[in-house]
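Q:
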Amino acid sequence: MNNIIWMLIILAVLVVFIILIIAAIKSKSEEKSEKYNPPARNIQLEQQQIENVPIMTNHASQRMTERLGVVGYRQTELMNNAFMYGKTFDRAMGDLRVKLESVEKNYDVETVAKFYGNSIYIFTAEDNILKTVYSFDNNNVYHWKNT
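First residue of the sequence shown: 1, per this note's numbering; consecutive thereafter.
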């Protein structure tokens, strides 16, 4: 009787061991599968991003063409990148910080100055409207024509 119990226990352990091996092999083959299941999209986050998209004024578009030599869809790309990744005065140091702060104070409307790609982009704080763009060289000097 004891031998039968031990044999059943050993048989059960072997069955569990075989099941674990099969499960491990199956999961490995699923990892190598070329099927790609993209993650579910967060529609609420996308809606929020759509609402925060900046708007370019005609003046800003003209200044980008004039001061940066950028035209067409590239203007929109630069504006969006500056808006999302641009450095504000609270993240800047030294002369750049001083220049960004002074630029923000020069406007009647509350503005946000962002440094991106050697240029300063001036956005309205409330509406995210790009007002104008200044080129900014390594000596921290603004470059613009009298217009």
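Note that CB positions come from ideal geometry on N, CA and C, so glycine has one too. Quick caveat: nothing in here was measured; it's all calculated off a predicted structure.
What's the C-alpha gap between W6 and I18?
A: Taking the straight line joining both Cα atoms gives about 18 Å.
Q: Applying the criterion that 16 or more other CB atoms from any shown protein chain within 10 Å of the CB defines a buried residue, is L130 buried or exposed?
A: Burial call: buried.
Q: If you measure between the beta carbons of E104 and V98, is that distance less than 8 Å?
A: The answer is no: Cβ separation not under 8 Å.
Q: Decide if S61 is buried, meaning its Cβ has at least 16 other Cβ atoms within 10 Å, or exposed.
A: The residue is buried, with at least 16 neighbouring Cβ atoms inside 10 Å.
Q: Helix, strand or coil for V70, going by three-state DSSP, please let me know.
A: The answer is coil: DSSP assigns V70 none of H, G, I, E or B.
Q: Between the alpha carbons of S27 and V13, how many angstroms are there, rounded?
A: When rounded, the distance between both Cα atoms is 21 Å.
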